[in-house]
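Student:
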Amino acid sequence: MNKTDYSAVFEFVFLGLSTYRPVQNFLLAFSVVFYVIIVLGNLLVVFSVMFDAHLHSPMYFLLGNLSFIDMCLSTVTVPKMISDLYSGKNIISFQGCILQIFALHVLGGSEMVLLLAMALDRYVAICKPLHYLTIMNPQMCVLLLSGAWVIGLLHSLAQLAFVVHLPFCGPNEIDSFYCDLPWFIKLACTDTYRMEFIVTANSGFISTGTFFFLMISYIFILVTVWKRSSGGLSKALSTLSAHITVVVLFFGPCIFVYMWPFPTVSVDKFLAILDFMITPILNPAIYTLRNKDMKMAMRRLGNQVPGLRKIS
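Each residue of the sequence shown is one higher than the last, beginning at 3 in the numbering used here.
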């Protein structure tokens with residue numbers, strides 16, 4: 003990547019969420035509190051899965067990795083936003099912007115595939131319980147996780163390949179608090195309509211397609227259980243409700259940002275906050291508060307670590 007590729011623009015300015023100082027102070031406090039909760043909550047899930055032998059199963063292995071990705075997604079954007087709100091600088095270098103876009107799409111693509119893997123896990127557990135441990139063996143779990151990261155990496159590289167050499171020589175203000183492809187492309191000093199369509203459609207169709215595939219798979223699981231035993235439907239629905247909630251929370255903002263034909267900056271910013279600060283808190287809460295094994299594991303972990311006793 004040579005300097006001539008990005009012309010005279012070496013940094014971008016975030017317009018942020020608000021220019022009103024009292025609102026910025028509120029957002030600063032809000033962001034700090036929520037980010038601390040995100041890190042502690044998701045680390046608690048990860049450590050519980052790692053160190054409690056009762057949770058060494060495919061479902062919790064995938065759940066622990068989901069919490070890790072959620073924590074990383076927040077870490078890519080929220081600390082930078084906190085720093086900008088505190089200092090008032092709101093500046094990111096060209097390389098930093100590219101790196102942030104790259105990390106967001108690697109993590110976002112990986113989480114999409116991981117949610118598919120979790121749907122597969124629930125399908126096998128509910129519809130083929132006698133073959134569960136045979137199908138979802140440790141090798142399969144590692145293969146699914148590796149596939150998620152590889153697909154996420156390829157998705158991100160494919161997206162950046164379209165835009166990394168665009169010329170930037172004029173406006174450098176991004177009306178958001180983080181870098182993403184739709185706003186990044188619009189700042190280029192060339193006609194980018196076709197490229198905007200290709201890149202946006204790529205992420206949009208992937209998000210929409212994965213979302214509908216997941217919804218269809220959950221419906222298929224419920225119909226299969228209902229045909230076998232109407233009594234087991236309520237149990238299956240209780241198990242899947244947490245997965246469905248997480249899928250809607252994750253894919254809803256993605257689909258709106260990339261597929262909605264009439265972009266609204268204020269709505270996009272709200273959805274970004276939902277994606278990076280609210281969903282990563284709700285995910286561990288949804289999976290743990292409804293799961294007796296996870297709650298017991300957290301209590302055991304809390305008893306082993308003095309600092310966690312109050313939390314457990």
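Idealized CB from N, CA, C, for every residue including glycine.
Rounded to the nearest angstrom, what separates T192 and L145 at their Cα positions?
Tutor: As a working note, residue 192 is residue 190 in the sequence shown. As a working note, residue 145 is residue 143 in the sequence shown. Each residue's alpha carbon lies about 42 Å from the other.
Student: Hey, G149 and V115 are a contact pair by Cβ (cut 8 Å); roughly how many whole angstroms apart?
Tutor: Position 147 of the sequence shown, counted from the start, is the residue given in the question as residue 149. Position 113 of the sequence shown, counted from the start, is the residue given in the question as residue 115. With 8 Å as the limit, G149 and V115 qualify as a contact, their Cβ atoms being about 6 Å apart.
Student: Pop quiz: S33 and I71 are said to be a contact at Cβ under 8 Å. What is the actual Cβ separation, rounded to whole angstroms?
Tutor: Sequence index remark: in the sequence shown, residue 33 carries index 31 (1-based). Sequence index remark: in the sequence shown, residue 71 carries index 69 (1-based). Actually they do not touch by this definition, with Cβ atoms about 20 Å apart.
Student: Out of S20, A31, I40 and V47, which has the shortest C-alpha to C-alpha gap to R301?
Tutor: For this step, residue 301 is matched to residue 299 along the sequence shown. The shortest Cα separation from R301 among S20, A31, I40 and V47 belongs to V47.
Student: In or out: P131 buried (at least 16 other Cβ within 10 Å) or exposed?
Tutor: For this step, residue 131 is matched to residue 129 along the sequence shown. Answer is exposed; the Cβ neighbour count stays below 16.
Student: Can you check the stretch 141-195 for any beta strand (DSSP E) of at least 3 residues that lies completely inside it and give the ranges in chain order?
Tutor: Qualifying beta strand (DSSP E) stretches: none in this window.
Student: If you follow the alpha helix (DSSP H) that F36 is part of, which residue opens it and which one closes it?
Tutor: Taking the first residue of the sequence shown as position 1, residue 36 is located at position 34. Taken as a continuous stretch (DSSP letters only), the alpha helix (DSSP H) holding F36 covers R23 to F53.
Student: Name the DSSP beta bridge partners of S95, please?
Tutor: The residue labelled residue 95 in the question sits at position 93 within the sequence shown. Bridge partners of S95: E13.
Student: If you count every other CB in all the chains shown that lies within 10 Å of the CB of N27, and 16 or more means buried, which is it?
Tutor: What you label residue 27 is simply residue 25 of the sequence shown in a count that begins at 1. With fewer than 16 Cβ atoms within 10 Å of its Cβ, N27 is classed as exposed.
Student: For A238 versus V227, is the C-beta spacing smaller than 8 Å?
Tutor: Locating residue 238 in the sequence shown gives position 236, where the first residue counts as 1. Locating residue 227 in the sequence shown gives position 225, where the first residue counts as 1. It is a contact, given that the beta carbons lie within the stated cut-off.
Student: With a threshold of 7 Å on Cβ separation, who are the neighbours of V108 within its own chain once the five nearest residues in sequence on each side are excluded?
Tutor: As a position in the sequence shown, residue 108 is number 106, starting the count at 1. Once the five neighbours on either side are set aside, the close Cβ partners of V108 are G154, L155 and S158.
Student: Terminal residues of the continuous alpha helix (DSSP H) containing G66?
Tutor: Walking along the sequence shown from the start, residue 66 turns up at place 64. Start and end: P60 to S89.
Student: Straight-line CA distance for N174 to F12?
Tutor: Here residue 174 corresponds to residue number 172 of the sequence shown, with the count starting at 1. Here residue 12 corresponds to residue number 10 of the sequence shown, with the count starting at 1. If I take the Cα positions, the gap works out to 9 Å.
Student: Does the beta-carbon of C171 have 16 or more other beta-carbons within 10 angstroms, so that it is buried, or is it exposed?
Tutor: Residue mapping note: residue 171 aligns to position 169 of the sequence shown, counting from 1. Exposed: under 16 other Cβ atoms inside 10 Å.
Student: Considering only the beta carbon of each residue, do V166 and I187 sit closer than 8 Å?
Tutor: For the purposes of this step, residue 166 is identified with residue 164 of the sequence shown, where counting begins at 1. For the purposes of this step, residue 187 is identified with residue 185 of the sequence shown, where counting begins at 1. The answer is no: Cβ separation not under 8 Å.
Student: Is there contact here, the stretch 15-26 with the stretch 49-64, by at least three beta-carbon pairs under 8 Å?
Tutor: Taking 8 Å as the limit for Cβ pairs, the verdict is that the stretch 49-64 does not touch the stretch 15-26.
Student: Measuring CB to CB, does L42 end up less than 8 Å from I84?
Tutor: For the purposes of this step, residue 42 is taken as the residue at position 40 of the sequence shown. For the purposes of this step, residue 84 is taken as the residue at position 82 of the sequence shown. No, Cβ-Cβ distance for L42 and I84 is not below 8 Å.
Student: Measuring CA to CA, which of F278, P286 and A299 is closest to V1?
Tutor: Residue coverage of the chain in this structure runs from 3 to 314, which leaves residue 1 outside it and unanswerable.
Student: Would S209 pass as a contact of C256 if the rule is Cβ separation under 8 Å?
Tutor: Taking the first residue of the sequence shown as 1, we reach residue 209 at position 207. Taking the first residue of the sequence shown as 1, we reach residue 256 at position 254. Yes, the pair counts as a contact, with Cβ atoms nearer than the cut-off.
Student: Decide if R230 is buried, meaning its Cβ has at least 16 other Cβ atoms within 10 Å, or exposed.
Tutor: For the purposes of this step, residue 230 is taken as residue 228 along the sequence shown, with counting starting at 1. Under this definition R230 is an exposed residue.
Student: Rounded C-beta distance between V51 and F63? I'm assuming under 8 Å.
Tutor: On the sequence shown, residue 51 is found 49 positions in, with the first residue counted as 1. On the sequence shown, residue 63 is found 61 positions in, with the first residue counted as 1. So it is a contact: roughly 7 Å between Cβ atoms.
Student: For a test of the three-state rule: what should DSSP assign to K130, helix, strand or coil?
Tutor: By one-based count along the sequence shown, residue 130 stands at place 128. In this structure, K130 counts as coil in the three-state DSSP scheme.
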